[in-house]
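Visitor: My structure is below; once you've seen it, I'll send some questions.
There are 2 protein chains.
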Amino acid sequence: MTVGLRKHKEIQQIKLAVDCIIFGFNDNRLELLLIHRGFEPEIGKWSLIGEFIGNDEDLDDAANRVLYDLSGLQNIYMEQVKTFGKANRDSSGRVVSITYSAMILKSEYNEEQVSKYNAKWFSIDDLPELVFDHKDMVEMAIMRLRRRVRNTPIAFNLLPPKFTLPQLQALYEGILDEAIDKRNFRRKIFQMDFLVKLDEKDMSESRKGAYLYQFDKALYEKEQYFNL
Amino acid sequence: MTVGLRKHKEIQQIKLAVDCIIFGFNDNRLELLLIHRGFEPEIGKWSLIGEFIGNDEDLDDAANRVLYDLSGLQNIYMEQVKTFGKANRDSSGRVVSITYSAMILKSEYNEEQVSKYNAKWFSIDDLPELVFDHKDMVEMAIMRLRRRVRNTPIAFNLLPPKFTLPQLQALYEGILDEAIDKRNFRRKIFQMDFLVKLDEKDMSESRKGAYLYQFDKALYEKEQYFNL
DNA sequence: TCCATAAGTGTTTTTTTTACACTTATGGAT
DNA sequence: ATCCATAAGTGTAAAAAAAACACTTATGGA
């Protein structure tokens, strides 16, 4: 057996990639942006978007690059999810893939760019067949999102800067896939004291209109308490 | 910008390694097994134990191999923690490292093997200076362990098959680094119904002696409820 | 026989979570 | 101008979970 980090014999021939699980929210459902794979193997199936990592590129930078290439968006919140590395996971060769999840606003991405990739949004409960182990990746990312969304304010990344409480609640219901009591939800939200109410209403969803709110990051940072 | 997964230009020159964060429990403190680095760069500092991944080796297998080489232990519970991949994290070249955490019984590892690596146990609140970003890795693993230990029965991996409740409580206190009420702790443990009480006492820690218990995995699997 | 030590055991209070129903503001139809 | 339909907005009570708290018991050794 080898002893110490530097004495391995064979030349390592493993490629390293990042794959991005890109979440969006639309029509009260959590969605995923997938690309139509236009090359072998598994041509025609759907796939996460990924790229190989540059020799001098930080992992996080690679993930951001991939997202930028596809969507034209920058400074998007991303999180590393898990690294997938079964020896035979990619039938085209040995590739280890580090998955990242991102949350973007469907209203803001660059549609031209996206159509260049043959990308399409899918509701998470109506996903097409995915290449390789991308289904595992997606499941892992959804599980993680559901956990994280209860303890950190990441879900706000799926809403525009100004949003209403009914919108926010619908978002949580969509992500968690469960009904939430309106009054309990609002009480919890207001207890944690990081939303600022605007003097402005969104009249597009109801006669009465719903007040708009903003997430105040500085207020959140003070307490860093989040529990929904 | 490149389009599609297969059109990158440069030959990728990134090495892939796993590093293991090996936890043990001793004298009421959570400990970590570290090796004395006997080669440049950063010779003389302490380090996690790691290895490069074999070309045909699953990631998880690589982690298990590393642990086996060092400790002689097999079938040890391991979890992937996070992948570290800043371009300059390792001063000897571009290495992306996938970290795994393991929990072993200090009483069972192979001391000979361990001494061959110049390995040593350190209490987690008295760690030596570590190479590269290994301190970040360790912190991440500890944070994760503290979270996981409340929701899954992984902590039992740090105890022998038969253990007493005072031992179990001391373990939790050591991991979480906080005092726990004895009665509340026992109530919660008994509520989740997966410990079987033996007719046997451990007399080594007190006059009165404490009953021994076993973790029954099948009982746990029934409910899969864990909350401490 | 006594003593020192750690093991073992219930109840009350507080906090958190859940369940639940009516009023209000507005735009559009009559 | 009035009515109506619709979603927004609001408080309280019950239940469950978590936290606080102190004495008795079994034993080995003096």
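Residue numbers (my numbering), protein chains in the order written: chain A, 1 to 228; chain D, 1001 to 1228. C-beta: ideal position from N, C-alpha, C; glycine also.
(1) What residues from chain A crowd round D/Ala1087, counting only those whose CB sits closer than 7 Å?
(2) How about A/Tyr213 and A/Lys201: do their beta carbons lie closer than 8 Å?
(3) Please report the distance separating the alpha-carbon of A/Tyr220 from that of A/Met192.
(4) Between A/Leu59 and the rest of its own chain, which residues show a CB-CB distance below 8 Å, the 5 nearest in sequence each way excluded?
(5) If you draw a straight line from the alpha carbon of D/Ala1063 to that of D/Met1078, how long is it in whole angstroms?
(6) Does A/Thr2 have its Cβ less than 8 Å from a Cβ in chain D?
(7) Quick one: what does DSSP say D/Asp1199 is sitting in, helix, strand or coil?
(8) Identify the contact partners of A/Glu10 in chain D, using a Cβ-Cβ distance below 8 Å as the criterion.
(9) Are the C-beta atoms of D/Leu1016 and some chain A residue less than 8 Å apart?
(10) I'd like to check one pair, A/Leu145 with A/Asn101: are the Cβ atoms closer than 8 Å?
(11) Step through the CB atoms of chain D and report whether any lies within less than 8 Å of the CB of A/Leu5.
(12) Among the candidates A/Ile180, A/Ser204 and A/Ala170, whose CA atom is the shortest distance from the CA of A/Asn28?
(13) For A/Thr164 and A/Thr152, what's the separation of their Cα atoms in angstroms?
(14) List, in chain order, every chain D residue whose beta-carbon is nearer than 8 Å to that of A/Thr83.
(15) Note the first and the last residue of the continuous alpha helix (DSSP H) segment covering A/Val138.
(16) Given a cut-off of 8 Å, decide if A/Ile14 and D/Asn1055 are closer than it, judged by their beta-carbon atoms.
(17) What residues in the region 1093-1117 of chain D bring their beta carbon closer than 8 Å to a beta carbon of chain A?
(18) For A/Glu31, count neighbouring Cβ atoms within 10 angstroms of its own Cβ and tell me buried if that reaches 16, exposed if not.
(19) By a C-beta neighbour count over all protein chains shown, 10 Å radius and 16 as the cutoff for buried, is A/Glu51 buried or exposed?
(20) Does DSSP put D/Asp1060 in a helix, a strand or coil?
(21) Among all the DSSP beta bridges, which residues are the ones paired with A/Lys15?
(22) By the three-class DSSP mapping on this structure, what secondary structure does D/Phe1190 have?
(23) Would DSSP call A/Glu31 helix, strand or coil?
(24) Interface residues of chain D around A/Gln13 at Cβ under 8 Å?
(25) Would A/Leu70 and A/Gln113 qualify as a contact pair, given that the criterion is a beta-carbon distance under 8 Å?
(26) Tell me which residue opens and which closes the alpha helix (DSSP H) that A/Ile175 is part of.
(27) Alpha carbon to alpha carbon, how far is D/Glu1139 from D/Asp1125? Give it in angstroms, no decimals.
(28) Could you give the first and the last residue of the continuous alpha helix (DSSP H) run that contains D/Val1131?
(29) With 16 other CB atoms within 10 Å as the buried threshold, where does A/Gly44 fall?
(30) In its own chain, which residues sit with a C-beta less than 7 Å from the C-beta of D/Leu1228, not counting the 5 before and 5 after it?
(31) Out of D/Ile1011, D/Phe1039 and D/Trp1046, point me to the one whose CA is closest to D/Leu1127's CA.
(32) For D/Lys962, which beta-bridge partners are listed by DSSP?
(33) Am I right that A/Pro166 and A/Glu129 are in contact with their C-beta atoms under 8 Å? What's the rounded C-beta distance?
(34) Using a Cβ-Cβ cut-off of 8 Å (strictly less than) and excluding sequence neighbours within five positions of D/Ile1180, which residues of its own chain qualify?
Guide: Here's the rundown:
(1) The contacting residues are Asp56, Glu57 and Asp58.
(2) No, the pair does not count as a contact, with Cβ atoms beyond the cut-off.
(3) Answer to the nearest angstrom: the Cα atoms are 8 Å apart.
(4) The residues are Val18, Ile53, Gln80 and Ile98.
(5) Taking C-alpha positions only, D/Ala1063 is separated from D/Met1078 by approximately 8 Å.
(6) Residue placement at A/Thr2 cannot be trusted, given a pLDDT of 35 that sits under 50; what the coordinates show is reported in the next sentence. True, the Cβ-Cβ gap to chain D drops below 8 Å.
(7) DSSP places D/Asp1199 in strand when its eight states are reduced to three.
(8) The answer, in chain order, is Gly1054 and Asn1055.
(9) With a threshold of 8 Å between beta carbons, D/Leu1016 makes contact with chain A.
(10) Per the sequence shown, the amino acid found at residue 101 of chain A is Ser instead of Asn. With contacts defined as CB atoms closer than 8 Å, A/Ser101 and A/Leu145 qualify as a contacting pair.
(11) For A/Leu5, the predicted structure reports a pLDDT of 44, less than 50, and the residue's modelled location is therefore unreliable. A value from the coordinates is still provided. Yes, its Cβ sits closer than 8 Å to a Cβ of chain D.
(12) When only C-alpha atoms are compared, the closest one is A/Ala170.
(13) Rounded to the nearest angstrom, the gap between the Cα atoms of A/Thr164 and A/Thr152 is 19 Å.
(14) Simply Leu1059, Gln1080, Thr1083 and Ile1098.
(15) DSSP places A/Val138 in the uninterrupted alpha helix (DSSP H) bounded by His134 to Asn151.
(16) Yes. Within cutoff.
(17) Close to chain A, meaning a Cβ-Cβ distance shorter than 8 Å, are the following residues of the region 1093-1117 of chain D: Arg1094, Val1096, Ile1098, Lys1116 and Tyr1117.
(18) Label assigned to A/Glu31: buried.
(19) By the neighbour-count rule (16 or more Cβ atoms within 10 Å), A/Glu51 is buried.
(20) In the three-state DSSP reduction, D/Asp1060 falls in the helix class (H, G or I).
(21) Among the bridge pairs identified by DSSP, A/Lys15 is matched with A/Val95.
(22) D/Phe1190 falls in the helix class under three-state DSSP.
(23) The three-state reading of DSSP puts A/Glu31 in strand, counting E and B together.
(24) The answer, in chain order, is Asn1055.
(25) In this structure, A/Gln113 lies closer than 8 Å to A/Leu70 by Cβ.
(26) Per DSSP, A/Ile175 belongs to the alpha helix (DSSP H) from Leu165 to Leu176.
(27) Those two C-alpha atoms are separated by around 11 Å.
(28) Note, D/Val1131: premise wrong, no alpha helix (DSSP H); not H, not E.
(29) Exposed.
(30) Once the five neighbours on either side are set aside, the close Cβ partners of D/Leu1228 are Arg1150, Tyr1172 and Lys1188.
(31) With distances taken between Cα atoms, D/Leu1127 lies closest to D/Trp1046.
(32) A question about residue 962 of chain D goes unanswered here, because the residues of chain D that appear run from 1001 up to 1228.
(33) A/Pro166 to A/Glu129, Cβ: 35 Å. No contact.
(34) Here D/Ile1180 has Gln1169, Tyr1172 and Glu1173 as same chain residues with Cβ atoms under 8 Å from its own Cβ, once five neighbours each way along the sequence are excluded.
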